[in-house]
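These notes concern the structure reproduced below.
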DNA sequence: TTGAGACATAAGTTTTTGATATTTTGATTG
DNA sequence: CAATCAAAATATCAAAAACTTATGTCTCAA
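Protein chains in written order, with the working numbering: chain X, 32 to 326; chain Y, 32 to 326.
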């Protein structure tokens, strides 16, 4: 048995365009430019010697001959897709998968999600947290919000904001005024530092803070070190000591009413930036999401 | 709706290899080298992260996972092929389509076809005659036997034999000995020349023959000119005159017993050569046929 | 009449594909 | 049991296909 088939890529382009009745939408679905689709369809038409679409400036329609071919093609593509489905997974254009840190997801993204779903009710957001850098060349993740130095101008990455670290301690139940506290009054407390998993970034530390503030007495304090913010938060909430927390966290619902700021400087941190996976850069919904993020 | 599919060409390679359980046979079917198929399948395996075939040196078998994918893929390809079938035609590997001149087909090929079908009973030969050069870049014709100057060494064309033109006239019923005849005895006959459709080739002519033979009297003869051999043969058989016929025709069943040679030189003609269409060069049966032709 | 949206066309670049040559693997044979 | 043979894998490189950017055309709507 031998089949005689036109180029398969051209067939795929035709199928998408015929189904969506739009070159541009087909292009988006296949993650290429409309030009590419136009080319492929022209190639197919030339090869078959027939017109598949009627072009009328603004939109396209299938010709009679195109209509005759289309059903079998769609069915065939469905069958192929079905064969690979369980092995290869599905993609849903309405689902956006984002990779970021636990902290960004919990304290920045999460509180704003209500607004997002209000604006884009049909979208589904898939949040995937991990401290390490996730590979964006695969098809698993559409974009990542990463924390680190400001990227080069031409990287195409969108910078969201710069992080700052604020010295805080649990608000004393006794004196619940919203004032600040002097570090000198906290000699019974410990200084809580968190070690970061990513050793290439410099974590904020009380040592640095004392240096920058010009205050004395760093060495008189007891210390507490943690590997993760999870435990550090707990220690902070229990009133064990003072911590340098990112403004994002300090301002969050969970913490804003519980903490009181310690007098002295805030430490500058790195920036959050959005990195879009190459394969997802054409997805309209991904672009919308990035606009919303940075907007 | 969006489908997530591996590269379609890789899918096609997989399908052919899985169906034929052979990389090389799949390669032949798709008109590429086994290397290409091997590449494509490897690409697919890497992408899916699973092994599709079990290799054991001499032959391949589907793995369990390959077996699960295969049916849907075959079905899908069938469906695609079906969609384009009526528009795009079918190819049968057992059918060889040859383009050549009417004369070659009738007087050289036809008498030998019995032998051919005896050797290759399963093949179907499609003979397509035309005096003009048929385009071999299309998929209509597998090979052409063409008449003309000897091709360049590196053209890849196979030369069958050189043609010669022999001066003949109808054997007289009266004197049926197999001797030759002197042109001087034929003053009552006419000289039959045929004009060729392809003006770029020099047709044999009585004028040339007289020049080469050194004989006198060319201008004393009456002449007959035809556009096609069909009419010239008729005139020859009716005994109207003498013609310069190719050895192929003179030796054919139809003519060998009816003609008698006229004394004098034979004229050198061009050569028959086999030109194989690029798309057909890998077809095993086409190669077999060419081997048989050049024999 | 002008501007925006959708597609076509042209030219150049990148990616993918496939060919040649060579090596590896396992079956077959003397 | 080595020698041989066929099929497939691999490496390197060239050719072809696909894609992008830039530009042009056409239609519809304001």
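Here a beta-carbon is modelled for each residue, glycine too, at the ideal position from N, C-alpha and C.
Closer than 9 Å, Cβ to Cβ, to anything on chain X: give me those residues from the region 111 to 135 of chain Y, in chain order. 111, 112, 113, 114, 115, 116, 117, 118, 119, 120, 121, 122, 123 and 124
Would you list the one or two residues that DSSP bridges to residue 303 of chain X? X:178 and X:192
I need the straight-line Cα distance from residue 197 of chain Y to residue 299 of chain Y, nearest angstrom please. 9 Å
If we ignore side chains and look at the alpha-carbon of each, how far apart do residue 212 of chain Y and residue 221 of chain Y end up? 15 Å
Given that a residue counts as buried once 16 or more other Cβ atoms are within 10 Å of its Cβ, and exposed if not, what is residue 235 of chain Y? buried
Is it right to say residue 210 of chain X is buried, meaning 16 or more other beta carbons lie within 10 angstroms of its own, or is it exposed? exposed
Just to confirm, are residue 156 of chain X and residue 127 of chain X a CB contact at a threshold of 8 Å? yes
Contact set for residue 62 of chain Y: own chain, Cβ-Cβ below 7 Å, skip 5 residues either direction: 310 and 313
Under 8 Å, do residue 188 of chain X and residue 180 of chain X count as touching if we go by C-beta distance? no
Can you pull the chain Y neighbours of residue 104 of chain X, defined as C-beta to C-beta under 7 Å? 111 and 114
To the nearest angstrom, report how far apart residue 302 of chain Y and residue 193 of chain Y are at their CA atoms. 4 Å
In this structure, how does DSSP classify residue 37 of chain Y when only helix, strand and coil are distinguished? coil
Opening and closing residue of the alpha helix (DSSP H) in which residue 105 of chain Y lies: 95 to 119
Which partner residues does residue 202 of chain X have in the DSSP bridge list? Paired residue(s): none; residue 202 of chain X is not in a bridge.
Element boundaries [beta strand (DSSP E), containing residue 143 of chain Y]: Segment 141 to 150 is the alpha helix (DSSP H) holding residue 143 of chain Y; no beta strand (DSSP E) there.
Contact between the region 108 to 116 of chain X and the region 35 to 45 of chain Y (3+ Cβ pairs under 8 Å): yes
Any C-beta of chain X within less than 9 Å: which residues of the region 85 to 99 of chain Y qualify? 96 and 99
Using C-beta distances below 6 Å, list every residue in its chain close to residue 136 of chain X, excluding the 5 sequence neighbours before and after it, in chain order. 158 and 160
Count the other CB atoms, across all protein chains shown, that sit within 10 Å of the CB of residue 134 of chain X; report buried if there are 16 or more and exposed otherwise. buried
DSSP-derived helix/strand/coil call for residue 82 of chain X: coil
Going along chain Y, which residues have a C-beta under 7 Å from residue 39 of chain X? 39, 40 and 43
Could you tell me whether the Cβ of residue 64 of chain Y comes closer than 8 Å to any Cβ of chain X? no
So for residue 238 of chain X, helix, strand or coil by DSSP? helix
Within the region 215 to 296 of chain X, note down every full alpha helix (DSSP H) run reaching 4 residues or more, in order along the chain. 237 to 244, 260 to 268, 278 to 281 and 284 to 287
Which of helix, strand or coil does DSSP assign to residue 156 of chain X? strand
One or two residues paired with residue 63 of chain Y in a DSSP bridge: DSSP, once it has assigned bridges, lists no residue as partnering residue 63 of chain Y.
Cross-chain neighbours of residue 81 of chain Y in chain X, by beta carbon under 8 Å: 118
Taking the DSSP output, what are the residues bridged to residue 131 of chain Y? Y:160
Near residue 249 of chain Y, which residues of its chain fall below 7 Å by C-beta distance, leaving aside the five closest residues on each side in sequence? 237, 238 and 241
For residue 175 of chain X and residue 321 of chain X, I'd like the C-alpha separation in whole angstroms. 10 Å
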